[in-house]
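Residues in the first sequence are numbered consecutively from 1098, following our numbering.
In what follows, a single structure is set out as structure tokens and then discussed.
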Amino acid sequence: MINRIKIGELSKHIGEEVIIAGWVDVRRDHGKLIFIDLRDVSGKVQMVVLPAQAEAIEVAQKLRAEWVIRVTGLVNARPEKMVKADQLNGELEVEVKAIEILSEAKELPFDKDGELNLDTYLDYLPLTLRTKRTSDIFKVQATILEAYRESLRQQGFIEFESPALVGGDAEGGSAVFSVDYYYDQKAFLATSPQFYKQIMVGAFERPFTIAKVFRAEKSATTRHISEITQMDFEMGFIKNHLDPMAVLEQAIKDSVNAVADRHAEVFKEFNTEKPLIPEKFPILTLLEAQEILEKEFGTKAVGEPDMEPEHERQICEWAKREKGSDFVFITHFPTSKRAFYTYADPTNPKLSLSFDLIFRGLEINSGSQRIHNYEELVEKIKSRGMDPEKFKFYLQTFKYGMPPHGGSSTGLERFTARLLELANIKEATSFPRDMNRIDNLLSTDK
RNA sequence: GCGGUCGUAGCUCAACUGGUUAGAGCACUCGCCUGUCACGCGAGAGGUUGUGGGUUCAAGUCCCAUCGGCCGCGCCA
């Protein structure tokens, strides 16, 4: 729209006649005098329609929430008594000269800024995404993606696109979605870009990808959804798992700092604080973490192959208290519990050079050094009862020369959810898919 | 999948141990209002209490089944 001014920039135009456009947030009709709060992506502004503008008043009386309008008006400084110092454009208001209705809206199903049950919220996402709270979540998420990308580029990584359609559920373990493919074949939706990023090490040495992956787990929790975004990287010529951990740590720090820098008010808005980031994230082996759990929390944990959700919350409590960190690395999970390509610790092959990053009580990342020797990898596949023939495509990477390498995988939604302390991961996903919802296709009449 | 808990107006909720015609706020419609900012005031409309069965003189409330939500666990990275 020609010469349209963003609402967030009106303070630069006091005394001028401007064109602004957006959605009606609220209308306050005083009879002869009507106030309208207008919203665009940059913010809100109060507009006043005075009785002298007879035509504009007539239009303004018809307006309701979410109608889309274009307004010509005069930007006035507010009289001192009416200045709202604590809000955007609180020092000015737009005196309306003319209103053009671009689109009407039906009656809203609920009060847009009121409390909503998650269920209702998700049923009406096209509308609820317009609320400040929700759009702020996804503005933060956009910043995370941008900062993560920039951080990895700075660290010498090159981005590639990983496929979503794959020929086999090779990794095993997680439940997969199958799709009809050509010639009566079954293909699958990728559960991870793992194989592809390893393959790309041969081309880029340091590849990364931000990939959609799909998990058909029948999980109904606050931390699971069926379609997630993974921020993955892989790097060649490493010494051990500590190298990818260092890259990850830098990327996480850069992402958190970018959010803090670009969204100054957001932590307060979500009733939380910028996460505590120490000089170095604390690193514990699984055993060390379990010993701390037993000593500090009286939790029976030593000998367990993994950390339970409750343990993850406790170890974070400890890390915050003792190390001033909202992040903690756990390393050396049992080799048998990790994926077949995970590199065993040469000093104790029962344990692997693997790591998880836990953030505010939730695992947001996992990674490891990988096996790079072809024969060893083939043996490993066999020992797990799988058929190397099915991994032929992937195994070429190792057959034709592969350096020691490792990488990591961060769940974007989990990271976002913990960063803003959102109760449910579905709030950190713009269009969440779960067992009972894919938009409203699965909704039954309630 | 298992356990807990919940399902009442478009939305968010109320209705003591079963008891008359199921209420409120917001939204909606109509009227009034020149400084509000979640404007205010007055009136109106809006319900098969998720669904099906049962107990009872009487069920939103108790029982059974079923569907759905949320939380936790499991599964899962």
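Quick reminder that beta carbons are idealized off the backbone N, C-alpha and C, glycines included.
Pairwise C-alpha distance: residue j and residue i
i, j, result
"L1618", "S1451", "This structure gives no information on residue 1618, because the portion of the chain shown stretches from 1098 to 1543."
"E1370", "V1363", "9 Å"
"K1543", "D1216", "Caution is warranted here: a pLDDT of 32 is assigned to K1543, below 50, making its placement in the model unreliable, and the coordinate value is therefore given only provisionally. Cα-Cα distance, rounded: 11 Å."
"L1262", "F1488", "16 Å"
"R1101", "E1114", "11 Å"
"R1481", "A1416", "35 Å"
"R1534", "S1232", "21 Å"
"S1506", "L1224", "32 Å"
"A1066", "D1423", "In the structure as shown, the chain starts at 1098 and stops at 1543, and residue 1066 therefore has no counterpart that could be examined."
"M1179", "V1145", "13 Å"
"Q1295", "F1437", "14 Å"
"L1135", "S1527", "24 Å"
"I1234", "Y1471", "44 Å"
"R1530", "L1286", "14 Å"
"P1372", "V1353", "8 Å"
"E1152", "I1166", "15 Å"
"T1382", "A1361", "35 Å"
"T1541", "D1220", "Residue placement at T1541 cannot be trusted, given a pLDDT of 42 that sits under 50; the coordinates are not used to answer."
"H1502", "P1485", "21 Å"
"R1124", "I1117", "17 Å"
"K1434", "L1448", "9 Å"
"Y1245", "E1366", "23 Å"
Cβ-based burial, residue i [other Cβ within 10 Å; buried from 16]
i, result
"G1211", "exposed"
"K1589", "As shown, the chain starts at 1098 and ends at 1543. That puts residue 1589 outside it, with no answer to give."
"V1138", "exposed"
"I1198", "exposed"
"T1428", "buried"
"Y1497", "exposed"
"L1517", "buried"
"L1189", "buried"
"A1525", "buried"
"E1155", "exposed"
"H1568", "An answer regarding residue 1568 cannot be provided, because it is not within the stretch 1098 to 1543 covered by the chain."
"F1341", "The amino acid at residue 1341 is misidentified as Phe; the sequence shows Pro. With 16 or more other Cβ atoms within 10 Å, it is buried."
"P1500", "exposed"
"K1141", "buried"
"P1290", "buried"
"P1176", "exposed"
"L1107", "buried"
"H1338", "buried"
"D1208", "exposed"
"K1477", "buried"
"S1275", "exposed"
"F1334", "exposed"
Residue range of the unbroken alpha helix (DSSP H) whose run includes residue i
i, result
"L1509", "1509-1516"
"P1223", "1222-1225"
"E1385", "1383-1394"
"A1348", "1339-1359"
"G1299", "1291-1301"
"R1230", "1229-1251"
"F1364", "1363-1366"
"A1118", "It is not in any alpha helix (DSSP H) - A1118 instead sits in the beta strand (DSSP E) that spans 1114-1126."
"V1595", "Residue 1595 is absent from the model: the chain starts at 1098 and stops at 1543."
Residue i - containing beta strand (DSSP E), residue span
i, result
"I1412", "Looking at the DSSP string, I1412 is not in any beta strand (DSSP E); the run it does join, the alpha helix (DSSP H), is 1406-1420."
"L1328", "Note that residue 1328 is Met in the sequence shown here, rather than Leu. First-last of the beta strand (DSSP E) with M1328: 1324-1333."
"I1455", "1451-1456"
"K1309", "1304-1311"
"A1284", "1283-1286"
"K1141", "1140-1146"
"E1524", "From DSSP, E1524 is part of no beta strand (DSSP E); its letter is neither H nor E."
Exercise. State whether the region 1437-1446 contacts the region 1397-1406, with contact taken as three or more CB pairs (one from each stretch) at a distance under 8 Å.
Key: Here the region 1437-1446 does not lie against the region 1397-1406, with fewer than 3 beta-carbon pairs under 8 Å apart.
Exercise. Could you tell me whether the region 1452-1459 touches the region 1245-1265, using the rule of 3 or more Cβ pairs below 8 Å?
Key: With the cut-off at 8 Å, the region 1452-1459 and the region 1245-1265 do not touch.
Self-check item: Unbroken stretches of the alpha helix (DSSP H), 4 residues or longer, contained in the region 1444-1505
Solution: 1471-1480, 1489-1496
Quiz item: Is there contact here, the region 1246-1257 with the region 1298-1316, by at least three beta-carbon pairs under 8 Å?
Solution: yes
Quiz item: So, do the region 1307-1326 and the region 1341-1358 have three or more beta carbon pairs nearer to each other than 8 Å?
Solution: no
Quiz item: Going along the chain, which unbroken runs of the beta strand (DSSP E) with 3 or more residues stay wholly within the region 1161-1230?
Solution: 1165-1174, 1189-1200
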